Amino acid sequence: MEERSIIEVLKANKQEKLIKYLKTLADEERNKLIENLEKLDIENYFKIINKNRDQTAILFNKIEKPFVFEQGKCDIKKYKKVGENALTKGQVAFFIVAGGQGSRLGFEHPKGLYPISPILQKSLFQIHTEKVAAFGKYYDFSPELFIMTSSTNHDETVSFFNDIGKDWYDLNKIHFFKQRDLPSIDLNGDLILSDKLTIFTAPDGHGGSLLALKNNGMIDLMKKKGIKYFSYFQVDNPLINIADPVFLGLHIFEQSEVSSKVLPKRSPDEKVGVACIIDGKTSIIEYSDLPKDLAEKKDENGRLLFNFGSIAIHIFSVDFIDRITTENLQLPYHVANKKIPYYDYETNTIIKPEKPNGIKLEQFVFDAIPMAKNAIFYETIREDEFAPLKNKDGEDSIQTCKEGISKLFKKWLKNSNINFDNENKAIVEISPLFAVNEEQFASKIKNYLTKVPNKLYLE
Ligand code: UTP
């Protein structure tokens with residue numbers, strides 16, 4: 084696109100401020116900014132933002148309670164066998180979405196680098212990667228690990244693995260790729276600059292992962308390697324059981340195309356997506372889209388009608404993702420008001436706003452669920468599998484995440500009847516290289532220790 088056409092697009096989308104600014108720039112600088120706008124496919128971006136900016140559309144006609152495979156109510160043995168079979172045949176890959184900006188945590192590096200384990204201060208990436216290596220050993224296969232980054236954190240993530248990650252797992256088995264970036268606009272509808280000559284962009288949400296997998300050749304790679312399913316999880320949850328054979332077996336046996344782990348919500352307003360049936364289709368609805376009266380409504384047993392929240396742990400069938408990404412996948416866009424640091428043309432400085440000043444567009448991975456021929460929900464237990472690192476303090480914080488890790492391993496020790504010197508004081512960390520699950524832990528622990536000291540690390 085020539086400069087003239089870009090200016091036309093800007094004019095048509097009321098970007099007078101930017102047009103005026105462009106006129107003040109020297110030729111070389113102007114060309115750089117024009118090139119930046121062109122690369123961002125700005126015309127298409129305006130089509131998307133204009134369509135999605137005012138989200139007043141009715142989201143559903145009918146919403147119903149979903150069926151959930153609940154803990155203690157399904158045939159664990161049967162599913163486990165099926166799942167183990169798929170793992171030992173090497174049909175399963177692992178996929179970490181790590182392209183987010185981690186703005187709430189306020190850590191200056193990719194969130195996966197955050198040192199979170201309570202004793203050795205292992206990073207989130209190390210914990211996940213060691214699990215991949217350990218599960219590979221346990222099920223006797225060499226898993227492929229896919230890691231999605233975004234332009235803001237890609238290089239630092241890859242360098243981190245090249246520097247120290249090579250000790251955790253074979254780097255040839257780890258596939259990094261970037262998701263797409265989208266520009267943002269401020270509350271007046273103007274494009275935002277992140278510096279003098281760069282349009283501000285942000286990753287397009289974890290929903291962008293599906294097209295990113297396809298467009299970066301990862302789906303083809305999975306198919307070539309005989310991978311039929313991938314275990315999807317977020318970088319910020321160190322408790323995830325990445326290779327749960329029961330969950331996997333359920334997915335395969337029930338011929339699901341996408342399966343999601345859910346758990347009873349802490350309260351009606353917990354900020355997690357909610358499992359439901361929307362207009363006849365299995366779905367997850369964002370908490371903010373579920374009207375308050377429905378979020379608080381009880382069923383005939385006095386339990387919340389929409390009781391189950393999604394914790395972003397999914398199994399996807401590769402064929403399903405291949406199909407929907409080949410068919411021009413268009414997930415909806417969700418609008419989020421965010422605080423976006425911006426370059427101020429007038430003062431020539433970067434301003435960090437105190438309040439949200441901009442609009443970001445994000446896609447959510449769970450919006451692919453209604454596209455599946457069959458999708459299922461499986462209940463898990465919060466303290467076994469969910470301790471996300473989202474905030475500096477308070478709920479889902481550094482402290483609760485570290486405590487969550489230690490608490491899980493203390494539970495394993497107690498279930499194995501090992502006594503503590505002082506249970507409240509004890510901090511425990513078990514490397515996946517020692518045990519990938521409670522079963523393996525129970526079979527080994529008695530040979531290692533009879534009493535738990537106040538600090539225990541096992542590898
Ligand atoms: P969150 O929605 O918690 O966002 O992401 P975040 O970016 O990590 O943190 P905040 O909201 O800025 O504080 C949940 C998971 O989805 C990934 C994140 O890396 C995290 O694993 N994610 C999110 C992406 O991979 N890409 C995105 O565009 C957004």
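Following this note's numbering, the numbering of the sequence shown begins with 84 at its first residue and continues without gaps. For glycine and all other residues, C-beta sits at the position ideal for the given N, C-alpha and C. None of these values were measured; they are calculated from a predicted model.
Asn127 and Lys220 have their alpha carbons spaced roughly 46 Å apart.
Taking a contact as a CB-CB distance under 8 Å, the pair Trp251 and Ala216 counts as one, their CB atoms being some 6 Å apart. DSSP links Lys381 through a beta bridge to Leu387. Beta bridge pairing from DSSP links Val448 with no other residue. For Thr107, the enclosing alpha helix (DSSP H) begins and ends at 99-107. Asp264 sits in a strand when the DSSP states are folded into three classes. In this chain, the beta strand (DSSP E) harbouring His417 covers 417-421.
Taking a C-beta distance under 7 Å as the contact criterion, Ala169 and Val341 do not qualify as a contact pair. According to the DSSP assignment, Pro286 belongs to the beta strand (DSSP E) that extends over 284-286. Distance from the CA of Lys164 to the CA of Val329, rounded to the nearest whole angstrom, comes to 8 Å. The Cβ atoms of Gly288 and Glu445 lie closer than 7 Å to each other.
Note that the C-beta distance between Phe143 and Ile361 is below 7 Å.
In the three-state scheme derived from DSSP, where H, G and I count as helix and E and B as strand, Ser393 is classed as strand. Secondary structure at Asp246: helix, using DSSP grouped into helix, strand and coil. Between Ile268 and Ile442, the CB-CB gap stays under 7 Å. DSSP places Met84 outside both helix and strand once states are collapsed to three, so it counts as coil. For Cys359, the pairing in a beta bridge is given by DSSP as Ser366.
Partner residues in the beta bridge of Ser343, as assigned by DSSP, are His397, Phe460. Within the same chain, Cβ atoms closer than 7 Å to the Cβ of Gln209 are found at Trp251, the five residues on either side in sequence being excluded.
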